[in-house]
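Undergrad:
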Amino acid sequence: MLETIMQKIVFLDRSTIAPQTRLRRPDFDHEIVEHASTLPDQVAARLQGASVAITNKAPITARTLEALPSLRLVAVAATGTDFVDKVACQARGSPSSTSGATRSTQSPSIRLR
Numbered sequence: 017m018l019e020t021i022m023q024k025i026v027f028l029d030r031s032t033i034a035p036q037t038r039l040r041r042p043d044f045d046h047e048i049v050e051h052a053s054t055l056p057d058q059v060a061a062r063l064q065g066a067s068v069a070i071t072n073k074a075p076i077t078a079r080t081l082e083a084l085p086s087l088r089l090v091a092v093a094a095t096g097t098d099f100v101d102k103v104a105c106q107a108r109g110s111p112s113s114t115s116g117a118t119r120s121t122q123s124p125s126i127r128l129r
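Following my numbering, the residues of the sequence shown are numbered contiguously, the last one being 129.
1. Skipping 5 residues on each side, what residues in its chain have a beta carbon closer than 8 Å to that of leucine 87?
2. Lysine 102 to leucine 84, Cα distance in whole Å?
3. Look up alanine 52 in the DSSP assignment and say whether it is helix, strand or coil.
4. Is DSSP giving lysine 102 helix, strand or coil here?
5. Quick one: grab the DSSP three-state call for glutamine 23.
6. Would you tell me roughly how many angstroms separate the C-alpha atoms of glutamine 106 and glutamine 36, rounded to the nearest one?
7. Could you name the residues of the same chain whose beta carbon sits closer than 8 Å to that of methionine 22, not counting the 5 residues immediately before and after it, in chain order?
8. Have a look at threonine 77 and leucine 28 and give me their C-alpha separation to the nearest angstrom.
Below you can see the structure in the form of structure tokens.
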């Protein structure tokens, strides 16, 4: 039997999304931590040990990415991604992509490794 690894998902700024917006839960073993908001200097600490980051406005910078070796996915809960360092994401070996979506269920994401 294969052992599954619990994935840690951190939503950095849940209060920026309407409270009635229900987020689909992934179909893999996970723990989700939601913060109402996150200041730029809190991002790295809050994402320690996370494999997935969800952000709407909290910045994901090159310096932040360097401090987060377990981070595999940055999910952007918005249509724009200017607060995510896409060049740094690409430097980690994974291209960035956006869907151009306007609904929360189709939000763009940026893959890491």
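All C-beta atoms, glycine included, are put in the ideal place defined by N, C-alpha and C.
TA: In terms of the structure at hand:
1. Around leucine 87: Leu63, Ala66, Ser67, Val68, Ala69, Leu81 and Leu128.
2. Lysine 102 and leucine 84 have their C-alpha atoms some 15 Å from each other.
3. Note: alanine 52 maps to coil in three-state DSSP.
4. Helix at lysine 102.
5. Secondary structure of glutamine 23 (DSSP, three-state): strand.
6. The straight-line gap from Cα to Cα measures roughly 34 Å.
7. Beyond the five residues adjoining it in sequence on each side, methionine 22 comes within less than 8 Å, by CB distance, of Asp45, His46 and Glu47 in the same chain, given in chain order.
8. It is roughly 14 Å from the alpha-carbon of threonine 77 to the alpha-carbon of leucine 28.
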